[in-house]
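Q: The sequence shown begins at 0 in numbering that gives the first Met the number 0 and counts up by one.
We treat Cβ as the ideally placed atom computed from N, Cα and C, and that holds for glycine.
Treat the numbers as computed from the prediction; the structure is a model and nothing was measured.
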Amino acid sequence: MVLTLPGKQSAQPSKDIDMTPLQQAYLNKLRATAEANAAFFQLNMPQHKMLLDKASSASVDISEQGDLVVRYANGESRSVTADILEMEGRIEKFSDLSDRPQLLAFHNLRRFVESPSHGRHQVFHYSKLDAEYPNRATRHFAKHYPDNSGLNRYPSFGEKEIPLLIVFGSRLGWHLPRLLAEYKIRHLVVIETDLDAFRLSAFFQDYVQLTRLAQEKGTDLIFIVQSELDKIARSLTGAMLRTGGLPQFFIHGASLFYGVDDTAMVAKIRETIMETMWELFFGMGYFDDELVTIRHTFGNLKQGVPIYRRPNTIPKDAVAFVIGSGPSLDGLIPLLREYGDRAVIFSCGTALAILHKMGIKPDFHVEKERQNIIAEVIQKSISNDMEFLEGVNFIGLSPVYPEVFNMFERYGMIVKAADTMGAVLNAKGVPRELILNGQPTVTNTAIDFAVSAGFKNIYLFGVDLGSKDKEKHHSKHTVYMNLMPEEDHLKKILAHQPANDIIVPGNFGGEVHANKVLSFARPMMSHSISMYPDAKVYNLNDGALIEHAIPLPPEDFSQTWTGGCDKHATVEAVMDTFQPEEWDMDELQGMLMERIDAFISRVEAIVANPQSSLSDVLDKMIEIHWMTLAPSNINDPCALLFRGTSSRLLSMAYNAVTIIKDQDEALAKAEWDFSNLIDCMHEAREEVVKNIQVAFAATEQ
0 MVLTLPGKQS AQPSKDIDMT PLQQAYLNKL RATAEANAAF FQLNMPQHKM
50 LLDKASSASV DISEQGDLVV RYANGESRSV TADILEMEGR IEKFSDLSDR
100 PQLLAFHNLR RFVESPSHGR HQVFHYSKLD AEYPNRATRH FAKHYPDNSG
150 LNRYPSFGEK EIPLLIVFGS RLGWHLPRLL AEYKIRHLVV IETDLDAFRL
200 SAFFQDYVQL TRLAQEKGTD LIFIVQSELD KIARSLTGAM LRTGGLPQFF
250 IHGASLFYGV DDTAMVAKIR ETIMETMWEL FFGMGYFDDE LVTIRHTFGN
300 LKQGVPIYRR PNTIPKDAVA FVIGSGPSLD GLIPLLREYG DRAVIFSCGT
350 ALAILHKMGI KPDFHVEKER QNIIAEVIQK SISNDMEFLE GVNFIGLSPV
400 YPEVFNMFER YGMIVKAADT MGAVLNAKGV PRELILNGQP TVTNTAIDFA
450 VSAGFKNIYL FGVDLGSKDK EKHHSKHTVY MNLMPEEDHL KKILAHQPAN
500 DIIVPGNFGG EVHANKVLSF ARPMMSHSIS MYPDAKVYNL NDGALIEHAI
550 PLPPEDFSQT WTGGCDKHAT VEAVMDTFQP EEWDMDELQG MLMERIDAFI
600 SRVEAIVANP QSSLSDVLDK MIEIHWMTLA PSNINDPCAL LFRGTSSRLL
650 SMAYNAVTII KDQDEALAKA EWDFSNLIDC MHEAREEVVK NIQVAFAATE
700 Q
């Protein structure tokens with residue numbers, strides 16, 4: 000007898016008079032399981048309950064003896080018993096360590112090249128810990144394992160230990176409790192691309208008990224139900240970044256279980272995960288970079304740079320032109336000339352060179368980069384015409400080199416979010432809503448400030464965030480395209496651009512090419528705009544689509560123009576958002592050092608715990624890593640100071656100990672790597688003290 004398992008818009012009759020008592024009881028059992036699952040998801044994962052409600056109905060053939068055959072929408076059918084046996088076969092195959100599929104992400108540690116960890120930008124750092132300590136780790140590994148002897152080819156955790164298991168397909172769900180019961184799985188991610196299949200599994204698998212089993216086993220259970228491949232990868236990224244005890248580097252060596260036969264789909268998912276894996280590590284920061292922000296921010300505070308303190312105080316009729324250096328700017332110069340006298344012009348980064356060449360003086364210049372080379376970049380971008388900067392006001396993020404502020408007559412500083420000193424200043428009373436993200440591009444900085452300050456009409460010029468021509472990613476007039484000799488060291492550094500290898504939607508339709516930074520800037524910019532629904536942000540550029548910004552063809556500009564604003568009054572209102580303050584420098588330094596000492600002591604206490612197995616080593620890595628990412632610590636100064644560096648050193652240790660065959664040798668390697676991490680932190684502390692003193696001395700000269 001063929002019966003319907005209800006989905007969307009399907010009735011659920013309480014009883015079918017043609018059914019035998021066994022058939023009726025079995026159908027009631029399936030429905031009861033589905034109803035319990037629906038209630039469970041509604042309570043704990045409401046987004047999945049919504050998906051269940053959208054799924055289609057399914058049919059099942061129940062014989063008089065209770066034999067079950069599932070009939071699928073595509074005309075196929077499968078015996079439930081056969082499905083169970085097939086899953087058992089897959090589980091048996093999965094038990095073979097030599098043949099178990101894994102996701103591999105890291106390079107081979109034996110391929111050791113001693114070089115600065117951050118390439119040509121290392122020259123702008125005040126320390127080289129992020130080059131030296133990873134190099135020490137690779138030297139140590141290369142010395143003890145000069146060839147393949149004593150090493151596994153792929154990460155191995157033992158027969159039963161699985162740090163991360165990714166299951167493709169929920170099927171009828173039989174394999175999930177079997178895997179949980181059979182293995183010590185720390186994190187289990189179930190990926191389902193077929194909504195109807197997920198709905199069907201809810202009739203056969205008791206997800207309530209499954210989650211209880213996961214809790215009892217100490218397994219973090221994550222469901223990703225999504226048909227769009229890019230969203231699957233980003234959901235996995237988001238889950239890993241949010242989940243306690245799951246370091247990003249655990250993605251390397253993750254075990255894979257295939258519960259579905261669609262090999263093409265699974266291969267595509269794997270490919271998409273690999274393509275977006277860089278996002279797991281993007282924005283983690285590293286000590287050498289954070290040390291720059293500590294030194295520069297202390298210097299800026301010491302010399303009394305006013306801080307952004309008065310949001311939403313700009314006149315309602317104020318208009319902002321945010322100028323980037325994207326290729327669309329070349330065609331928008333006429334509009335900028337025609338309307339610029341009735342708007343406040345914000346020049347962003349290298350856009351200053353273009354405006355100088357066009358004879359257009361901005362009202363504000365905005366910078367976010369912390370390298371001390373920025374002062375030289377600005378000077379050369381305007382061909383050493385320092386008179387051009389007269390009357391131009393400056394806005395910089397707190398890590399910007401102090402001498403850059405001094406190049407301008409008036410200036411203000413925005414405290415940067417996700418930043419060691421931003422966290423320190425927040426702890427000292429700067430409200431979180433005044434600490435702006437401003438990342439990852441300088442146009443993000445300008446837009447974040449404009450909407451926060453209260454601009455309600457904002458026009459984007461040259462904020463392309465992508466280009467239709469891969470080779471034309473910036474205006475032809477940018478500083479590194481046109482204004483420097485080929486041999487100039489600044490041009491060589493600035494011209495180094497990430498490859499344009501990501502396709503994103505175009506602002507006026509079609510598609511454009513973006514690099515990883517620009518593809519990350521888009522959602523960040525979209526989010527900032529969405530937080531201020533009363534602000535209208537017009538995107539004039541033939542670049543990437545920015546959600547929540549209004550696509551506006553240049554020829555339609557006049558249709559949105561409201562007459563502009565009083566430029567002078569608005570500029571003064573912008574400057575009034577910045578307020579001078581006096582800071583107790585010794586108190587600030589003392590608070591930071593106290594936190595650094597406490598952080599290092601906690602790491603030392605974790606490392607001191609005994610370790611007799613690889614599992615113990617993983618526990619230590621997880622605990623140290625989670626210190627920097629736990630919600631309670633996410634804005635802690637020391638978490639931000641050490642997060643990227645400790646993650647890198649721990650990932651190198653993880654990569655090593657998981658391929659060393661001999662357990663005693665693996666434990667010894669872990670002990671050395673933990674010691675290397677602690678040594679790095681102690682030297683980092685010394686560098687912080689030294690560089691704060693350098694900052695103080697520089698302001699007294």
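1. Kindly give me the distance between the Cβ atoms of P398 and R369, rounded to whole angstroms, as I take these residues to be in contact under 8 Å.
2. So F249 and L178 are supposed to be a Cβ contact under 8 Å. How far apart are they, rounded?
3. Grab the span of the beta strand (DSSP E) containing P504 for me, first residue to last.
4. Could you give the distance in angstroms between the alpha-carbon of R294 and the alpha-carbon of I621?
5. Going by the beta-carbon positions, is the gap between L209 and P176 smaller than 8 Å?
6. Which ranges does the alpha helix (DSSP H) cover as unbroken runs of at least 4 residues, wholly within the stretch 532-576, from first to last along the chain?
7. May I ask you to report which of helix, strand or coil DSSP gives I313?
8. Roughly how many angstroms lie between the CA atoms of Q302 and D146, to the nearest whole one?
9. I need the straight-line Cα distance from W582 to K427, nearest angstrom please.
10. Could you check the C-alpha separation between Q46 and Q225 for me, to the nearest Å?
11. Once DSSP output is grouped into helix, strand and coil, what is the label at K183?
12. Indicate whether the contact test is met: 3 or more Cβ pairs, each with one atom in the stretch 586-602 and one in the stretch 676-695, closer than 8 Å.
13. Specify the secondary structure class of A72 as computed by DSSP and reduced to three states.
14. Hey, would you say K183 sits closer than 8 Å to I165, going by beta carbons?
15. Do the stretch 64-73 and the stretch 125-145 touch if we need at least three Cβ pairs shorter than 8 Å?
16. Would the stretch 393-407 count as touching the stretch 369-385 if we require 3 or more Cβ pairs under 8 Å?
17. Whole angstroms is fine: what's the gap from T137's alpha carbon to H143's?
18. Could you give the first and the last residue of the continuous beta strand (DSSP E) run that contains H364?
19. What first and last residue would you give for the beta strand (DSSP E) that runs through A319?
20. Kindly list the residues whose CB is nearer than 6 Å to the CB of C637, restricted to its own chain and excluding five residues on each side of it in sequence; keep chain order.
21. Can you check which of these residues, K53, Q204, R152, is closest to A31 by C-alpha distance?
22. Just checking my contact of N344 with D362 at CB under 8 Å: how many whole Å lie between their CB atoms?
23. Going by beta-carbon coordinates alone, are A548 and V511 separated by less than 8 Å?
24. Whole angstroms are fine: how far does the CA of E603 sit from the CA of K467?
25. When you compare the CB positions of V259 and H124, do they come within less than 8 Å of one another, or not?
26. Is D678 buried or exposed, if buried means 16 or more other CB atoms sit within 10 Å of its CB?
27. Looking only at its chain, what residues have a beta carbon closer than 7 Å to the beta carbon of S451, apart from the 5 residues adjacent to it on each side?
28. If you pair each beta-carbon of the stretch 627-641 with each one of the stretch 413-426, do three or more pairs fall below 8 Å?
29. Compare the Cα-Cα distances from V616 to each of D585, A667, K660 and report the closest residue.
30. Closest to S155 by C-alpha separation, out of P133, G508, P100, L551, would be which residue?
31. Report buried or exposed for S327, applying the criterion of at least 16 other Cβ atoms within 10 angstroms of its Cβ.
32. How many Å lie between K230 and P504 at the Cα?
33. How about S631 and L676: do their beta carbons lie closer than 8 Å?
34. Are the C-beta of R233 and some C-beta of chain C separated by less than 8 Å?
35. Let me know if K415 comes out buried or exposed under the rule of 16 or more other beta-carbons within 10 Å of its beta-carbon.
36. Per DSSP, which residues does K415 bridge with? Please list them.
A: Taking the coordinates as given:
1. Translated into the one-based positions of the sequence shown, residue 398 becomes position 399. Translated into the one-based positions of the sequence shown, residue 369 becomes position 370. About 4 Å separates the beta carbons of P398 and R369, which is inside the 8 Å limit, making them a contact pair.
2. To locate residue 249, count along the sequence shown from 1; it is residue 250. To locate residue 178, count along the sequence shown from 1; it is residue 179. Incorrect: roughly 17 Å between the Cβ atoms, too far for contact.
3. Locating residue 504 in the sequence shown gives position 505, counting from the first residue. Where P504 is concerned, the enclosing beta strand (DSSP E) stretches over 501-504.
4. Numbered from 1 along the sequence shown, position 295 holds the residue referred to as residue 294. Numbered from 1 along the sequence shown, position 622 holds the residue referred to as residue 621. Going by the C-alpha atoms only, they are around 30 Å apart.
5. Numbered from its first residue, the sequence shown carries residue 209 at position 210. Numbered from its first residue, the sequence shown carries residue 176 at position 177. Closer than 8 Å, so yes.
6. 556-559, 566-574
7. Against the sequence shown, residue 313 aligns to sequence position 314. Looking at I313 - three-state DSSP - the assignment turns out to be coil, as it is neither helix nor strand.
8. Locating residue 302 in the sequence shown gives position 303, where the first residue counts as 1. Locating residue 146 in the sequence shown gives position 147, where the first residue counts as 1. Taking the straight line joining both Cα atoms gives about 55 Å.
9. Position 583 of the sequence shown, counted from the start, is the residue given in the question as residue 582. Position 428 of the sequence shown, counted from the start, is the residue given in the question as residue 427. One C-alpha to the other measures close to 10 Å.
10. Stepping through the sequence shown from its first residue, residue 46 is reached at position 47. Stepping through the sequence shown from its first residue, residue 225 is reached at position 226. Approximately 11 Å, taken between the alpha carbons.
11. On the sequence shown, residue 183 is found 184 positions in, with the first residue counted as 1. If DSSP states are grouped into helix, strand and coil, K183 belongs with the strands.
12. The answer is yes - the stretch 676-695 touches the stretch 586-602, with three or more Cβ pairs under 8 Å.
13. Reading the sequence shown from its first residue, position 73 is the one you call residue 72. Coil.
14. By 1-based counting over the sequence shown, the position of residue 183 is 184. By 1-based counting over the sequence shown, the position of residue 165 is 166. Contact: no.
15. no
16. yes
17. Residue numbering aside, residue 137 sits at position 138 when the sequence shown is read from its first letter. Residue numbering aside, residue 143 sits at position 144 when the sequence shown is read from its first letter. Answer to the nearest angstrom: the Cα atoms are 10 Å apart.
18. If you number the sequence shown from 1, residue 364 lands on position 365. Run containing H364: 363-366, per the beta strand (DSSP E) assignment.
19. Walking along the sequence shown from the start, residue 319 turns up at place 320. Counting along the chain, the beta strand (DSSP E) containing A319 begins and ends at 318-322.
20. Counting from 1 along the sequence shown, the entry for residue 637 is found at position 638. So the qualifying residues of the chain are R594, I595, F598.
21. For the purposes of this step, residue 31 is taken as residue 32 along the sequence shown, with counting starting at 1. Per the Cα distances, Q204.
22. Taking the first residue of the sequence shown as position 1, residue 344 is located at position 345. Taking the first residue of the sequence shown as position 1, residue 362 is located at position 363. The question names Asn, yet the displayed sequence has Ile at residue 344. That pair is a contact at about 5 Å.
23. Numbered from its first residue, the sequence shown carries residue 548 at position 549. Numbered from its first residue, the sequence shown carries residue 511 at position 512. No, they are not a contact pair.
24. On the sequence shown, residue 467 is found 468 positions in, with the first residue counted as 1. On the sequence shown, residue 603 is found 604 positions in, with the first residue counted as 1. If you take the alpha carbons of K467 and E603, they lie about 52 Å apart.
25. Along the sequence shown, read from residue 1 onward, the residue named residue 259 stands at position 260. Along the sequence shown, read from residue 1 onward, the residue named residue 124 stands at position 125. No, they are not a contact pair.
26. Numbered from its first residue, the sequence shown carries residue 678 at position 679. Within a 10 Å sphere around the beta-carbon of D678 sit fewer than 16 other beta-carbons, which makes this residue exposed.
27. Locating residue 451 in the sequence shown gives position 452, counting from the first residue. Around S451: P310, L435.
28. Contact holds: three or more Cβ-Cβ distances are below 8 Å.
29. Here residue 616 refers to the residue found at position 617 of the sequence shown. With distances taken between CA atoms, V616 lies nearest to A667 out of D585, A667, K660.
30. As a first step, residue 155 is located in the sequence shown; it is residue number 156 there, counting from the start. Checked all of P133, G508, P100, L551; the closest Cα to S155 is P100.
31. Numbered from 1 along the sequence shown, position 328 holds the residue referred to as residue 327. Taking all protein chains shown into account, S327 has 16 or more neighbouring C-beta atoms within 10 Å of its C-beta and is therefore buried.
32. Translated into positions along the sequence shown, residue 230 becomes position 231. Translated into positions along the sequence shown, residue 504 becomes position 505. If you take the alpha carbons of K230 and P504, they lie about 15 Å apart.
33. Locating residue 631 in the sequence shown gives position 632, where the first residue counts as 1. Locating residue 676 in the sequence shown gives position 677, where the first residue counts as 1. Contact flag unset, no.
34. The chain inventory of the structure shown lacks chain C, comprising one protein chain alone.
35. For this step, residue 415 is matched to residue 416 along the sequence shown. Burial call: buried.
36. Position 416 of the sequence shown, counted from the start, is the residue given in the question as residue 415. DSSP lists L435 as partners of K415.
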